[in-house]
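> Dropping the structure in here first, questions after.
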Amino acid sequence: MFINLHTHSPAREGVLSIESHDFFDGTTPNGSYSLGVYPFAAKPFDKELFVSRAEKSVMIGETGLDYRPQYRENREWQIQVFAQQIEIANALSKPIIVHQVKALDDCLEMLSGALTNVAFHGFSSSLQSAERIVSRGYYLSFGHLLLTNERLQGVIRALPLDKIFFETDACVNIRIEDVYGKAAELLGVKLSVLERQIESNFSIYA
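So in the UniProt record's numbering, spot 86 of the sequence shown is number 86, and the numbers just go up one at a time.
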């Protein structure tokens with residue numbers, strides 16, 4: 001079975017899709033989902049309501065820090081909300097899926113308080129950053145950029161297979177099978193072997 005760790009699209013047959021939901025959209029998701037207050041929308045939220053809606057989730061997030069200039073004004077809220085969601089993940093024993101842009105140092109510092117497993121979604125940074133994340137025991141999830149970005153292709157070749165996942169995020173024209181297929185080619189393994197490895201990773205992570 002293919003596992004799509006982070007998507008905004010409905011599940012399909014033969015794929016375990018973890019659908020990402022923004023807490024502020026006000027809905028209670030069905031199926032396999034994650035629930036988070038996204039960093040670019042960080043603001044005060046009802047923690048009790050969040051917990052009640054997150055109890056059946058697979059994981060907490062996406063949550064994290066996004067230090068791009070357009071989100072500068074809510075940076076303090078991002079930090080507060082990220083800390084609160086780490087606390088909730090600890091209390092519910094849920095893994096965390098992290099959104100991180102230009103904020104790796106602060107993310108890693110804050111995640112030192114996480115008692116559950118952690119995955120960084122949509123990884124697109126350097127090998128040095130990847131190694132810092134993996135050295136903490138955390139996971140990296142690769143998306144559509146793996147299909148075309150040669151630097152990122154070099155990164156995944158250097159990583160242990162037991163620390164990777166794949167995703168489609170918001171890309172409606174990319175199938176998770178395409179990402180798996182490219183990764184299998186890059187890693188020099190059979191697709192079936194990679195499928196089993198990611199299933200094993202997920203059983204540990206979640």
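Built from N, CA and C at the ideal position, the CB exists for glycine as well.
Quick check: what's the CA-CA separation for F202 versus K163?
10 Å
> Apply the 10 Å Cβ neighbour rule to G122 and answer buried if 16 or more other Cβ atoms are within range, or exposed otherwise.
By the neighbour-count rule (16 or more Cβ atoms within 10 Å), G122 is buried.
> Does the stretch 14-21 come close enough to the stretch 75-82 that 3 or more CB-CB pairs lie under 8 Å?
no
> Over the uninterrupted alpha helix (DSSP H) stretch that includes V179, give me the two end residues.
176-187
> Under 8 Å by Cβ, that's how I've got V58 and Y33 pegged, so tell me the actual separation to the nearest angstrom.
With 8 Å as the limit, V58 and Y33 qualify as a contact, their Cβ atoms being about 7 Å apart.
> Let's test the definition: count the other Cβ atoms within 10 Å of the Cβ of T168 and tell me whether it reaches 16, buried, or not, exposed.
Classification for T168: buried.
> With a Cβ-Cβ cutoff of 9 Å, do N117 and I96 count as a contact?
It is a contact, given that the beta carbons lie within the stated cut-off.
> Are residue 211 and V51 touching if we call contact CB-CB under 9 Å?
Absent from the model: residue 211. The displayed extent of the chain is 1 to 206, so no value can be given.
> What's the C-alpha gap between Y138 and L111?
If I take the Cα positions, the gap works out to 10 Å.
> Is the beta carbon of residue 207 less than 9 Å from the beta carbon of A130?
Limits of the chain in this structure are 1 at one end and 206 at the other, which puts residue 207 out of reach.
> Taking all protein chains shown into account, decide if L35 is buried (16 or more other Cβ within 10 angstroms of its Cβ) or exposed.
buried
> Can you tell me whether Y33 is helix, strand or coil according to DSSP?
strand
> Taking V134 as part of the alpha helix (DSSP H), name the residues at either end of that continuous run.
127-135
> Inspect the beta-carbon positions of G64 and A83 and report whether they are closer than 9 Å.
no
> In the DSSP output, what is T168 paired with across the bridge?
DSSP output for T168 lists no bridge partner at all.
> Which of helix, strand or coil does DSSP assign to F2?
strand
> How would you call G26, buried or exposed, if buried means at least 16 neighbouring beta carbons within 10 angstroms?
exposed
> Going along the chain, which residues of its own chain have a beta-carbon closer than 6 Å to the beta-carbon of Y67, five neighbours each way excluded?
K102, A103
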